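There are 2 protein chains.
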Amino acid sequence: MIQLNNKTYTCPVDVTLGFIGGKWKLLILSHLHQFDRKSYSEIRDNLPGISEKMLSQQLKELERDQLVEKKILALKPYRVEYFLSVQGKSLSPLYAFVSEWGIKYLKEQGIDYLKDQHLYK
Amino acid sequence: MIQLNNKTYTCPVDVTLGFIGGKWKLLILSHLHQFDRKSYSEIRDNLPGISEKMLSQQLKELERDQLVEKKILALKPYRVEYFLSVQGKSLSPLYAFVSEWGIKYLKEQGIDYLKDQHLYK
DNA sequence: CTGCCAGCCTACTTTTTGGTAAGGTCTGTT
DNA sequence: AACAGACCTTACCAAAAAGTAGGCTGGCAG
Chain A
1 MIQLNNKTYT CPVDVTLGFI GGKWKLLILS HLHQFDRKSY SEIRDNLPGI
51 SEKMLSQQLK ELERDQLVEK KILALKPYRV EYFLSVQGKS LSPLYAFVSE
101 WGIKYLKEQG IDYLKDQHLY K
Chain B
122 MIQLNNKTYT CPVDVTLGFI GGKWKLLILS HLHQFDRKSY SEIRDNLPGI
172 SEKMLSQQLK ELERDQLVEK KILALKPYRV EYFLSVQGKS LSPLYAFVSE
222 WGIKYLKEQG IDYLKDQHLY K
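Residue numbers (this note's numbering), protein chains in the order written: chain A, 1 to 121; chain B, 122 to 242.
Given below as structure tokens:
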């Protein structure tokens, strides 16, 4: 049992899961990793199904956990930009692996995601 | 949007998450990866906090998803053994990475997990 | 023959998570 | 002036996930 920030973790895996657990976190992170879609609405439009509540909630947690940073581009017309922090980028191999594993799995199921990508969306 | 087995996924990352999502799956998997503790009670005893309900439920799902296999060692005194399938082993880089990332993070927080491992448990 | 341990399963409750819908500011467009 | 779009927040509710507690079979040890 590891104690950290008033929470208990059973092992290092558990610690990492504390950051990337949840339905949308890895999706948002790997999205920021893959594409450079960074504005709020670009992320929203590229994660079909996510509600604005979830998006802003998760982004906030990711900022708090310092995996994502937000840059305010302008105040008068409020414009922002989200991007992976150094810490967030340190998880890059994970985003890559998880995505490739998914692609490989889909291929085994007869779905060529890369080829047919334009169809999905 | 990807359709597969009556479910909808937004991208390959989402597909992978379908297998390893949830609070205990990665914990169980990486446990089977790291140690060779394989019996039901060994897994239970090494994942402090997991309830038997969760353990058997998750094991069942992992079997269904073919990431884990179960071998019945004996019937009279019912004894079993769980281990990673080929499919489950194909996620090994993930277990390793997630664990190492956690260890690295802990180190940054002043906790030397590897050195003090004996203290946790 | 009692109790304990392996290996589960089930009913029930609580907690967490996620979804809906609405509101609110500001700014540009028509 | 009306509307739309970027960028959120909040209140309320439903669903899903997880926790609690107990039960059940069958050996084996004392």
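Even glycine gets a Cβ: it sits at the ideal position worked out from N, Cα and C.
The structure displayed is predicted, hence computed values, not measured ones.
Item: Residues in the same chain with beta-carbon distance under 6 Å from K38 (chain A), minus the five sequence neighbours each way, listed in chain order, please.; Value: E81, Y82, F83
Item: Give the straight-line distance between the Cα atoms of Q58 (chain A) and G170 (chain B), rounded to the nearest whole angstrom.; Value: 26 Å
Item: Taking C-beta pairs closer than 7 Å, name the residues in chain A that Q230 (chain B) reaches, listed in chain order.; Value: L4
Item: Flag Y241 (chain B) as yes if its beta-carbon sits less than 8 Å from any beta-carbon of chain A, otherwise no.; Value: Any reading at Y241 (chain B) must be qualified, since the residue scores a pLDDT of 49, below 50, and its modelled position is unreliable; no value is offered.
Item: Does the beta-carbon of S162 (chain B) have 16 or more other beta-carbons within 10 angstroms, so that it is buried, or is it exposed?; Value: exposed
Item: Name the chain B residues whose beta carbon is nearer than 8 Å to that of D14 (chain A)?; Value: L148, G223
Item: May I ask you to report which of helix, strand or coil DSSP gives I232 (chain B)?; Value: coil
Item: What would DSSP say about L196 (chain B), mapped onto helix, strand or coil?; Value: coil
Item: Does DSSP put K7 (chain A) in a helix, a strand or coil?; Value: strand
Item: Find out if the Cβ-Cβ distance for the pair S213 (chain B), Q187 (chain B) is shorter than 8 Å.; Value: no
Item: Rounded to whole angstroms, what is the Cα-Cα separation between K104 (chain A) and T10 (chain A)?; Value: 31 Å
Item: Hey, L176 (chain B) and R165 (chain B) are a contact pair by Cβ (cut 8 Å); roughly how many whole angstroms apart?; Value: 6 Å
Item: In whole angstroms, give me the CA-to-CA distance for K146 (chain A) and Q87 (chain A).; Value: There is simply no residue 146 (chain A) to check, as chain A begins at 1 and stops at 121 in what is shown.
Item: Quick one: is S220 (chain B) buried, meaning 16 or more other Cβ sit within 10 Å of its Cβ, or exposed?; Value: buried
Item: Expressed to the nearest angstrom, what Euclidean distance is found between the alpha-carbon atoms of L141 (chain B) and K76 (chain A)?; Value: Reading off the sequence shown, one finds Ile at residue 141 (chain B), where the question assumed Leu. So the two alpha carbons sit approximately 43 Å from each other.
Item: With a threshold of 8 Å between beta-carbons, can F218 (chain B) be considered close to chain A, or not?; Value: yes
Item: Of all Cβ atoms in chain B, is any one closer than 8 Å to the Cβ of M1 (chain A)?; Value: yes
Item: Please decide whether Y203 (chain B) counts as near chain A, where near means a Cβ-Cβ distance under 8 Å.; Value: no
Item: Name, please, each residue of chain B whose Cβ falls closer than 7 Å to the Cβ of S30 (chain A).; Value: V134
Item: Quick check on the burial criterion: 16 or more other C-beta atoms within 10 angstroms. Buried or exposed for I2 (chain A)?; Value: buried
Item: Excluding the 5 residues flanking K121 (chain A) on each side, which residues of the same chain have their C-beta closer than 7 Å to its C-beta?; Value: Confidence at K121 (chain A) is low in this model, with a pLDDT of 46, below 50, so the placement of that residue should be treated as unreliable; the coordinate-derived value is given next. Nothing meets the Cβ criterion.
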